[in-house]
Amino acid sequence: MGSAFVLPLLILGLFVALTGLSLPSIKRFGLHFIVSPAWNPVKHDFGALSSIYGTLVSTFIAMILAVPLSLAIALFQVELVPPVIGRVVGSAIELLAAIPSIIYGMWGLFVFAPFMADHVQPFLARIGGNLPLFKGPPMGIGMLTAGLILALMILPFITSVTSDVFRMVPAHLKESAYGMGSTTFEVARKITLRYGIDGVVGAGFLGLGRALGETMAVTFVIGNSHRISASLFTGANSIASTLANEFTEASDPLYLSSLVELGLILLILTVMVQILSQLWLRRMRRKTGKGM
Amino acid sequence: MQPRLATYRKLTNALVVGLSGFSALIGLFFLGWILMVVILKGMAAFSPDFFLKLPTPPGVPGGGLANAIVGTLLITLLSVLLGVPLGILGGVYLSEFGEQSKIAAAVRFCSNVLMGTPSIIVGVFIYAIMVYPLGHFSGYAGAVSLAVIMLPVVVRTTEDMLRLVPNSLRESALALGAPRWKVTVQVVFRAAKSGLFTGVLLAIARVSGETAPLLFTALNSPYWMESLSKPTANLTVTIFNYAMSPYKDWQRQAWGASLLIMMGVLFVTLVGRFYLKGRKTP
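These protein sequence lines map, in sequence, to chains A and B. When the letters of the first sequence are read in order and numbered with the numbering used here, they come out as residues 12 to 303. When the letters of the second sequence are read in order and numbered with the numbering used here, they come out as residues 51 to 332.
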């Protein structure tokens, strides 16, 4: 039964191997690596700031879009339509999770990005043209498109957990509220959401972890430039996209080890999110006394 | 407190109901859009050559992806052979032997962390322990990285499925004098057979569309593979390379490969779901 211990060993191995390969870059740049915006393979000067910035901003866009949308879809499934239709909609939304990342990438690059460039971005520039967020030529690819596709990709995960949580709300609570004359929305807001808020936060953590590490779809559409810009239209990069693009081209040891250090930063980020969400779930289980 | 007007409350309600219906439509709309685009563009690329021939040099039209199709199948098969037995053993430990112990809790925790680790990080990890020391990319490394991604999924579903087997079954077998391992293999496994099968299918669906880990391990190759110890052609990395290339014919083939991968993954997922449903409502 030693096989179960492969799992802790793998986690340990992940940290040891990644730290080992990134030692040259850690020695050379130290903590400065995290705050330096430089990325110049020719001059051997590397920094992680633009990649970290891109990862966080694209994830942020995805979260502020996906969380409300998932809540609305979960409510629709559980509260508003008959269970049969709810289940059909639910399975369809879950199919979004089964589509491989690279398919989102293909669709994003060849179909969605041109659509953004022709229709969505000019529109945003017109209504919010003075904001630094919407400056720059509408190229289609860039931070905004990457964030939108990420939102679409994490949507099924958040929706599925949220609707499970909503289904667990005891019927008598809802029925009493309806009996008092509440409207559907009032029941959803004051009963279902309040009862299930812990689970919704847990679902958010799950989506967050997914969005941080998502690679191929982002690589296709984010534009891959090591630049930090306030505009969401310009090309950017994320830790995962930098790795996917440059890893096999990294010729000298310092370049390679800087890339591995980027990976180490991403690993630490996602493991932190995982630990937080596990602790949250444990707290929740203790509070409600049932498994999730 | 002043009671709010009934019309106002009804209006808010109608608005929210409308909005949430609209959200569901948005989700379904994007699903339909993606499926339609991939099917239409992918079908256009399908031809006998696509399935039977090797890739042509850059810029030369024609050719196919036969080597990548075979490569993807082989790498996935090998990763199943590596990941599934290990994962099932891990799940058996958690459900039958570890149960509520501190060690089992720690293993479960690690399994969840590993499940949340981005696949590209697993790719870098396997690069660091297999490709870097050996000095070359290989199909084996690709299979190992997929097995690592698959492992926590199999562990989780195995544990869940074994837990559904009623304890009375175990107790009856133990009371007849059967040793613990025999109970597990001959009674518990048999009772949870279709559940375990579903878990394996879902794990295959999870890894067969993966690209990021293969990028650093199996890489790609325009030739028939001689052995899995060399860089091995596979569909997903081919899609990435072809899509980023300026050649129209390659981009067309990337759509074909996308359709092939998507059909495979969706098929396996749906079969898994179907099985799961059949088991839940007997």
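For every residue, glycine included, the Cβ atom is placed at its ideal position computed from N, Cα and C. Since the structure is predicted, the reported quantities are computational estimates derived from the model, not experimental observations.
When only Cα atoms are considered, L60(A) and L278(A) end up about 16 Å apart. Short of 6 Å from the beta carbon of A214(A), and not among the five residues preceding or following it, lie these beta carbons of its own chain, in chain order: I169, V172, T173.
Counted as a single uninterrupted DSSP element, the alpha helix (DSSP H) harbouring W118(A) occupies residues 112 to 118. For the set D263(A), T281(A), W291(A), the Cα lying nearest the Cα of S33(A) is the one of D263(A). Burial is judged here by how many other beta carbons sit within 10 angstroms of a residue's own beta carbon; W50(A) has at least 16 and is buried. Looking at T319(B), W305(B), V315(B), the one whose alpha-carbon comes closest to that of S97(B) is W305(B). Interface annotation, L280(A): not in contact with chain B, CB-CB separation never under 7 Å.
Proximity of W50(A) to chain B, defined by a Cβ-Cβ separation below 7 Å, is not satisfied. The C-beta of V110(B) has fewer than 16 other C-beta atoms within 10 Å across all chains shown, which makes the residue exposed. Under the 7 Å criterion on CB atoms, F258(A) is classed as interfacial with respect to chain B. In the DSSP assignment, Q132(A) falls within the unbroken alpha helix (DSSP H) covering 132 to 139. Membership of L60(A) in the alpha helix (DSSP H) is indicated by the continuous run 60 to 86.
With a cutoff of 7 Å on beta-carbon distance, G113(B) and T106(B) are scored as near each other. DSSP, read as helix, strand or coil, puts G41(A) in coil.
A307(B) is not bridged by DSSP to any residue. N291(B) is outside the set of residues whose beta carbon lies under 7 Å from a beta carbon in chain A. For H186(B), no alpha helix (DSSP H) run applies, since DSSP gives it neither H nor E.
Residue range 154 to 178 is occupied by the alpha helix (DSSP H) that includes R178(A). In this chain, the alpha helix (DSSP H) harbouring F175(B) covers 169 to 176. Take the alpha-carbon of V95(A) and the one of L164(B): they are about 35 Å apart. Chain A has no Cβ within less than 7 Å of the Cβ of S195(B). Per DSSP, N235(A) is not a residue of any alpha helix (DSSP H), being assigned neither H nor E.
Residue pairing for F57(A): DSSP places it in a beta bridge opposite W50(A). The CB of T62(B) comes closer than 9 Å to the CB of T194, F196, E197 in chain A, given here in chain order. Taking a cut-off of 8 Å on C-beta distances, the stretch 308 to 315 of chain B touches the stretch 102 to 117 of chain A, as three or more cross pairs fall below it.
Assigned with DSSP and collapsed to three states, A283(B) falls in coil, not helix or strand.
In the structure shown, G137(B) falls within a helical segment according to DSSP collapsed to helix, strand and coil. Where I179(B) is concerned, there is no enclosing alpha helix (DSSP H), because DSSP gives it neither an H nor an E. For the pair F16(A) and G147(A), the CB atoms are not nearer than the 7 Å cut-off.
One Cα belongs to S271(B), the other to L142(A), and the distance between them is close to 47 Å.
Annotation for T66(A): L223, S249, I250, A251, L277, L280 place their beta carbon closer than 8 Å to its own, counting only its chain and skipping 5 residues before and after.
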